[in-house]
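S.K.: My questions all concern the structure below.
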Ligand code: ADP
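In the numbering used here, the protein residues as written are -9 to 258.
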């Protein structure tokens, strides 16, 4: 089952000579019940792709599906509802409400949607994320790792079709980061959720089932069953490819066959 899909997706910022092709004709599928990482150099289009997949921004051309729903045909109200009811977000900066307890923060999406709590699911999330002793604490009384675990529970509480995570370990030390990544992976493996994560960290990407590589707004390849080593190797190959194109004076102009799937690594 495909949870999220883009076809011929393009995003251009600006006009004329100053136009930036942030995404250029991207075709990509994200399987439901999988943990996918999106990687690539700074400016390669990772955030743009994530924003378009999540219905946070409008495409210049092409289509985006969330399950069976085509996003580019929805009006603003429908998009707002879709983001509220069918998408979860985890940000680098946690974005918890400081005056609310951990429990209130987790339940916020349900309160906003006027939907009752599935207590069994709430308890499962709290247990999986190890938050049982922290539910009455405010964010200021929690460590960074605990705050991010609350944010993950909040992202999962409404059982969204897809959770988008934007550099979720960017503000955490490596131990808390590893913990958060294990929880993200468990929520996929044990709770059947779907996660798409943007990261620049090969060690973080290695927690995913699949790493999609972006370069210059295009899909440049993928790594299946990634390890930190195989992700680093793929990123090195991407840099060499980029250097070669730059050396040929052909940066941005792609030779046939150097586009989609130029780099493909399966297993370690
Ligand atoms: P990444 O997340 O991989 O760093 P982005 O998706 O943020 O890449 O950006 C891709 C390209 O689009 C970059 O060249 C960036 O400068 C440009 N860009 C992103 N957002 C905007 C914007 N709002 N206006 C103009 N250019 C933008």
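Quick reminder that beta carbons are idealized off the backbone N, C-alpha and C, glycines included.
Since the structure is predicted, the reported quantities are computational estimates derived from the model, not experimental observations.
Shortest alpha-carbon distance to residue 185 belongs to which of 91, 164 and 56?
M.R.: Here residue 185 corresponds to residue number 195 of the chain shown, with the count starting at 1. Ranking 91, 164 and 56 by Cα distance to residue 185 puts 56 first.
S.K.: Determine, using beta carbons only, whether residue 80 and residue 145 come nearer to each other than 8 Å.
M.R.: In the chain shown, residue 80 corresponds to position 90, counting from 1. In the chain shown, residue 145 corresponds to position 155, counting from 1. Yes; because the gap between Cβ atoms is below 8 Å, this pair is in contact.
S.K.: Can you list, in chain order, the stretches of the beta strand (DSSP E) that have 3 or more residues and sit fully within the segment 134 to 203?
M.R.: 152 to 156 and 185 to 188
S.K.: Please classify residue 85 as buried or exposed, where buried requires at least 16 neighbouring CB atoms within 10 angstroms.
M.R.: Residue numbering aside, residue 85 sits at position 95 when the chain shown is read from its first letter. So residue 85 counts as exposed.
S.K.: According to the neighbour-count rule (16 or more other Cβ atoms, all chains shown, within 10 Å of its Cβ), is residue 216 buried or exposed?
M.R.: Taking the chain shown and counting its residues from 1, the one referred to as residue 216 is at position 226. Residue 216 is buried by the Cβ-count criterion.
S.K.: Quick one: using the 10 Å Cβ neighbour count with 16 as the cut-off for buried, is residue 3 buried or exposed?
M.R.: Mapped onto the chain shown, residue 3 falls at position 13. Flag for residue 3 reads exposed.
S.K.: Ordered along the chain, which non-local residues of its own chain (more than five positions away) have a Cβ less than 6 Å from that of residue 19?
M.R.: Residue mapping note: residue 19 aligns to position 29 of the chain shown, counting from 1. Excluding sequence neighbours, residue 19 sits near -8 and -5.
S.K.: Three or more C-beta pairs under 8 Å: does that hold for the segment -2 to 15 against the segment 172 to 186?
M.R.: Flag = no, the segment -2 to 15 and the segment 172 to 186 do not touch.
S.K.: Among the candidates 139, 209 and 125, whose CA atom is the shortest distance from the CA of residue 175?
M.R.: As a working mapping, residue 175 is identified with position 185 in the chain shown. Cα-wise, what sits closest to residue 175 is 139.
S.K.: Starting from the C-beta of residue 263, find all residues in its chain whose C-beta is less than 6 Å away, skip the five residues before and the five after it, and write them out in chain order.
M.R.: Because the chain here runs from -9 to 258, residue 263 falls outside it and cannot be looked at.
S.K.: For residue 78, is the classification buried or exposed, using 16 other Cβ atoms within 10 angstroms of its Cβ as the cut-off for buried?
M.R.: Within the chain shown, numbered from 1, the residue matching residue 78 stands at position 88. It is buried - the Cβ of residue 78 has at least 16 other Cβ atoms within 10 Å.
S.K.: Runs of 3 residues minimum, wholly inside the segment 28 to 98: which ones carry the beta strand (DSSP E) assignment?
M.R.: 51 to 56 and 77 to 81
S.K.: Check whether the Cβ atoms of residue 118 and residue 93 sit closer than 8 Å, and answer yes or no.
M.R.: Residue 118 sits at position 128 when you count from the first residue of the chain shown. Residue 93 sits at position 103 when you count from the first residue of the chain shown. Contact: no.
S.K.: Expressed to the nearest angstrom, what Euclidean distance is found between the alpha-carbon atoms of residue 63 and residue 48?
M.R.: In the chain shown, residue 63 corresponds to position 73, counting from 1. In the chain shown, residue 48 corresponds to position 58, counting from 1. Their Cα atoms are separated by approximately 10 Å.
S.K.: Could you check what DSSP says for residue 16 in three-state terms: helix, strand or coil?
M.R.: The sequence position of residue 16 within the chain shown is 26, counting from 1. In this structure, residue 16 counts as strand in the three-state DSSP scheme.
S.K.: Quick check: is any heavy atom of the ligand ADP less than 7 Å from the C-beta of residue 6?
M.R.: As a position in the chain shown, residue 6 is number 16, starting the count at 1. Residue side-chain check: residue 6 keeps its Cβ at 7 Å or more from all non-hydrogen atoms of the ligand ADP.
S.K.: From the DSSP secondary-structure annotation, give me the bridge partner or partners of residue 2.
M.R.: Your numbering for residue 2 matches position 12 in the chain shown. 11.
S.K.: Please indicate yes or no: does the CB of residue 36 lie closer than 7 Å to some heavy atom of the ligand ADP?
M.R.: Within the chain shown, the letter at position 46 stands for residue 36. Answer for residue 36: yes, Cβ within range of the ligand ADP.
S.K.: So, using beta-carbon positions, are residue 32 and residue 206 closer together than 8 Å?
M.R.: As a first step, residue 32 must be located in the chain shown, where it is residue number 42. As a first step, residue 206 must be located in the chain shown, where it is residue number 216. No; because the gap between Cβ atoms is not below 8 Å, this pair is not in contact.
S.K.: Identify the continuous alpha helix (DSSP H) that holds residue 214 and give its terminal residues.
M.R.: Taking the chain shown and counting its residues from 1, the one referred to as residue 214 is at position 224. Note, residue 214: premise wrong, no alpha helix (DSSP H); beta strand (DSSP E) at 208 to 214.
S.K.: Excluding the 5 residues preceding and the 5 following residue 213 in the sequence, name in chain order all residues of the same chain whose CB lies nearer than 6 Å to its CB.
M.R.: Taking the first residue of the chain shown as position 1, residue 213 is located at position 223. Here the set comprises 201, 220, 221, 224 and 255.
S.K.: Quick one: grab the DSSP three-state call for residue 24.
M.R.: Residue mapping note: residue 24 aligns to position 34 of the chain shown, counting from 1. Coil.
S.K.: Looking only at C-alpha atoms, which of 112, 122 and 123 sits nearest to residue 148?
M.R.: Along the chain shown, read from residue 1 onward, the residue named residue 148 stands at position 158. With distances taken between CA atoms, residue 148 lies nearest to 112 out of 112, 122 and 123.
S.K.: May I ask you to verify whether the segment 94 to 106 touches the segment 67 to 77, counting CB pairs closer than 8 Å and requiring at least 3?
M.R.: Verdict: yes, contact present.
S.K.: Going by the CB atoms, is the gap between residue 156 and residue 26 shorter than 8 Å?
M.R.: As a first step, residue 26 must be located in the chain shown, where it is residue number 36. As a first step, residue 156 must be located in the chain shown, where it is residue number 166. Cβ distance not < 8 Å, so residue 26 and residue 156 don't count as in contact.
S.K.: Report yes if the C-beta of residue 32 is less than 7 Å from at least one heavy atom of the ligand ADP; otherwise report no.
M.R.: For the purposes of this step, residue 32 is taken as the residue at position 42 of the chain shown. Yes - the ligand ADP has a heavy atom lying nearer than 7 Å to the Cβ of residue 32.
S.K.: Flag this pair as yes or no: are the beta carbons of residue 154 and residue 61 separated by less than 8 Å?
M.R.: Against the chain shown, residue 154 aligns to sequence position 164. Against the chain shown, residue 61 aligns to sequence position 71. Between residue 154 and residue 61, the gap from beta carbon to beta carbon reaches 8 Å or more.
S.K.: Taking all protein chains shown into account, do 16 or more other C-beta atoms lie within 10 angstroms of the C-beta of residue 71, making it buried, or fewer, making it exposed?
M.R.: On the chain shown, position 81 is the one that residue 71 refers to. With fewer than 16 other Cβ atoms within 10 Å, it is exposed.
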